[in-house]
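Shown next, in structure tokens, is the structure this report addresses.
Residue numbers (our numbering): 14 to 184.
Spelled out as structure tokens, the structure:
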């Protein structure tokens with residue numbers, strides 16, 4: 014009648030690190046989604062319920078277009094787009110909430126500062142095209158670094174997220 018305990022971590026890989034078994038960490042690669050299911054438990058009489066996974070990252074899809082053919086000639090291809098973001102996620106396994114608005118009880122902490130490459134060498138068109146996709150730490154605004162193959166200047170673009178109703182996202 015002893016309890017059996019279970020937590021869920023995704024991706025199911027050896028890339029999770031821990032110092033003492035009470036917290037785990039994972040690097041945010043930009044390409045892998047990271048998910049967590051808080052502790053559940055049960056025993057022979059009270060069976061373990063179903064795990065409920067929480068996505069821990071925001072999925073950004075980056076679209077671009079050139080205003081005219083001259084802009085395409087000036088920029089060339091998009092050499093790269095980088096997103097400035099947190100570079101890792103830590104999970105306190107003793108906490109059972111995934112709620113960024115409740116810092117005291119939230120099991121998830123984002124750490125590190127860096128850039129993650131979203132795309133490389135994508136052509137520009139005069140019609141809107143998706144040029145990148147990246148998983149990154151959740152935030153209300155991001156900074157993109159963009160460089161064209163013919164333009165040696167890296168452009169910094171601040172992006173604020175809005176709802177579909179065009180209202181600013183504040184949390």
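For glycine and all other residues, C-beta sits at the position ideal for the given N, C-alpha and C. Because the structure is a prediction, the values reported are computed rather than measured.
Check: For residue 138, which residues of its own chain have a beta-carbon under 8 Å away from its beta-carbon, when the five flanking residues on both sides are left out?
Finding: 78, 79, 85
Check: At a cut of 8 Å, does the region 51 to 67 reach the region 24 to 41 through at least three beta carbon pairs?
Finding: no
Checklist line | For residue 129, the nearest candidate out of 157, 111, 59 (CA to CA) | finding: 157
Check: To the nearest whole angstrom, what separates the beta carbons of residue 100 and residue 62, a pair I think is in contact under 8 Å?
Finding: About 33 Å; that fails the 8 Å criterion.
Check: Which same chain residues, not among the five before or five after residue 48, have their C-beta less than 7 Å away from its C-beta?
Finding: 23, 66, 67, 68, 69
Note to self: Quick check on the burial criterion: 16 or more other C-beta atoms within 10 angstroms. Buried or exposed for residue 166?
What the structure shows: exposed
Checklist line | 8 Å contact criterion, which residue 196 and residue 95 should meet: CB distance rounded | finding: Any answer about residue 196 is impossible in this case: the structure gives the chain only from 14 up to 184.
Checklist line | Segment limits, alpha helix (DSSP H) that includes residue 87 | finding: 82 to 88
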